[in-house]
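The block underneath contains the structure these notes are about, expressed in structure tokens.
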Amino acid sequence: MKTLQSLSLATLLLAGGAWAGDHRYALSPTYAAECGSCHVAYPPALMDAAGWKVTLQQLERHFGSDASLEPQAQREIASLLQAQASTRSVHEGKGAAPRLTTTAWFQRKHRPEELHGYPLPAVPAGSKATPMAQCQACHRRAEQGDFGEGSLKPVSGRR
Amino acid sequence: MNRFRPLAIGAALAFLAGSTLAASPTSPAELQAAWLAEARQSNPALRAFSAERGRSFFSTAHGGDWSCASCHTNNPGQGGAHAVTRKLIEPLSPAANPRRFSDVAKVDKWFGRNCKDVLGRACTPEEKGDLLAYLLTVKP
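Protein chains in written order, with this note's numbering: chain A, 22 to 180; chain B, -16 to 123.
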């Protein structure tokens, strides 16, 4: 019984891409194209379903930009995000404009002492941009969904 | 009538391929012809688009924080970066980047979004035609 349960749990998680132990996330071509044009296509598995739902409900006013989608693309991405979203509470997307950079998990993994000398990415002067949302500044294969250790850019003084 | 043709072909192709990302092929010349026909409906005296008007449209802010150049830079023959996220953006000029203005759905989608973000309204066919006329003069 126990084995059966954990087996099916493992299949479920693998199928949904909800737990990528090696931090390489498979991105569907539709998602990568539509949600990866203005920024890195953020891995669906790093925020919960409720957070993604709120995000998709207000794409016309998305962090100061119009990111609205055609109905078909909207449906496709909505179901993909629901299927691949995290089910862990540490990935809860909070507030009216949920961010994965403000989840408990993200903040713990990116505490200043975990950053090993990686400088915060620069943002344009006077802008309200979120430096940590620029995953590509430190994870050089972020656009491919690869956040594994080997994807970090070399930085002087690190390891 | 010209204006509906590329759209109809695009829609048919997208339907056949059954995918939201299906290409709806076009070319800068075909887009220009469609926009000119459309612009003439409200301005019958219009003869041709103006690259000079397009250049100033591209590089001026229209009441908000951003101009088109904020992300596509003052030299659209070269790559730019998103003004907020710093994500790199490939050159907008078709001479520098042949994939530009080759897909009706993509062109419509981004004019829709970016005009709303920069001007707070949709771009007119004349503005789109002027802009493309300008981009066509920009070499890599």
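Backbone N, C-alpha and C fix where the C-beta goes; we use that ideal spot for every residue, glycine too.
Contact set for residue i: own chain, Cβ-Cβ below 7 Å, skip 5 residues either direction
| i | result |
| --- | --- |
| Lys174 of chain A | Cys159, Arg161 |
| Thr51 of chain A | Ala94, Glu97, Ile98 |
| His131 of chain A | Met153 |
| His70 of chain B | Before going on, a small fix: residue 70 of chain B reads as Lys here, not His. Correct list, in chain order: Ala64. |
| Val176 of chain A | Gly138, Tyr139 |
| Ala52 of chain B | Phe41, Ser42 |
Rounded C-alpha distance that separates residue i from residue j
| i | j | result |
| --- | --- | --- |
| Gln78 of chain A | Ser85 of chain B | 30 Å |
| His60 of chain A | His65 of chain B | 8 Å |
| Thr68 of chain B | Cys156 of chain A | 9 Å |
| Pro77 of chain B | Pro140 of chain A | 36 Å |
| Asn57 of chain B | Phe41 of chain B | 8 Å |
| Phe168 of chain A | His44 of chain A | 5 Å |
| Thr122 of chain A | Ala22 of chain B | 45 Å |
| Lys149 of chain A | Ala28 of chain B | 45 Å |
| Glu164 of chain A | Gly57 of chain A | 7 Å |
| Met153 of chain A | Glu109 of chain B | 40 Å |
| Gln24 of chain B | Ala106 of chain A | 48 Å |
| Asp48 of chain B | Val101 of chain B | 8 Å |
| His137 of chain A | Gln128 of chain A | 15 Å |
| Ala70 of chain A | Glu135 of chain A | 27 Å |
| Gly103 of chain B | Val90 of chain B | 18 Å |
| Ala146 of chain A | Pro65 of chain A | 30 Å |
| Ala34 of chain B | Thr151 of chain A | 36 Å |
| Ser172 of chain A | Leu19 of chain B | 48 Å |
| Met68 of chain A | Glu91 of chain A | 23 Å |
| Leu119 of chain B | Pro81 of chain B | 11 Å |
| Ala17 of chain B | Tyr63 of chain A | 37 Å |
| Ala47 of chain A | Leu80 of chain A | 23 Å |
| Gly72 of chain A | Arg109 of chain A | 12 Å |
| Leu(-10) of chain B | Phe84 of chain A | Low per-residue confidence applies at Leu(-10) of chain B: pLDDT is 45, beneath 50, and the placement is therefore not dependable enough to give any value. |
| His112 of chain A | Pro133 of chain A | 19 Å |
Burial state of residue i (16 or more Cβ within 10 Å)
| i | result |
| --- | --- |
| Gly166 of chain A | buried |
| Ala31 of chain B | exposed |
| Pro59 of chain B | buried |
| Ser39 of chain B | exposed |
| Pro74 of chain B | buried |
| Ala116 of chain B | buried |
| Ala143 of chain A | exposed |
| Arg82 of chain A | exposed |
| Thr24 of chain A | Bear in mind that a pLDDT of 41 at Thr24 of chain A, under 50, signals an unreliable position, so the number given afterwards is only what the model happens to contain. Result: exposed. |
| Ser86 of chain A | buried |
| Ala125 of chain A | exposed |
| Glu55 of chain A | buried |
Proximal residues to residue i (C-beta, below 6 Å), its chain only, five neighbours per side dropped
| i | result |
| --- | --- |
| Gly63 of chain B | Cys54, His55, Thr56, Ile72 |
| Leu44 of chain B | Correcting the residue identity first, residue 44 of chain B is Ala in this sequence and not Leu. Same-chain partners within the cutoff: Ser50. |
| Gly37 of chain B | Asp113, Leu114, Ala116, Tyr117 |
Sheet register partners of residue i (DSSP bridge)
| i | result |
| --- | --- |
| Pro8 of chain B | B:Asp86 |
| Ile72 of chain B | B:Gly63 |
| Leu48 of chain A | Answer by DSSP bridge pairing: none, since Leu48 of chain A is not bridged. |
| Leu173 of chain A | A:His160 |
| His83 of chain A | A:Ser86 |
| Ser107 of chain A | A:Asp69 |
| Asp43 of chain A | Paired residue(s): none; Asp43 of chain A is not in a bridge. |
| Asp113 of chain B | Bridge partners of Asp113 of chain B: none, in fact. |
| Asp167 of chain A | A:Arg45 |
Cβ-heavy atom distance, residue i to the ligand GTP, below 7 Å
| i | result |
| --- | --- |
| Ala66 of chain A | The model on display carries no ligand, and the ligand GTP is accordingly not part of it. |
Contacts around residue i, its chain only, beta-carbon distance under 8 Å, and the 5 residues preceding and following it disregarded
| i | result |
| --- | --- |
| Cys106 of chain B | Phe94, Cys98, Leu114 |
| Val75 of chain A | Gly114, Ala117, Ala118, Pro119 |
| Lys122 of chain B | Gly60, Ser76, Ala78, Ala79 |
| Leu101 of chain A | Ser49, Thr51, Tyr52, Pro65 |
| Gly46 of chain B | Leu102, Gly103 |
query: Is the segment 93 to 102 of chain B close to the segment 13 to 23 of chain B, with three or more CB pairs under 8 Å?
result: no
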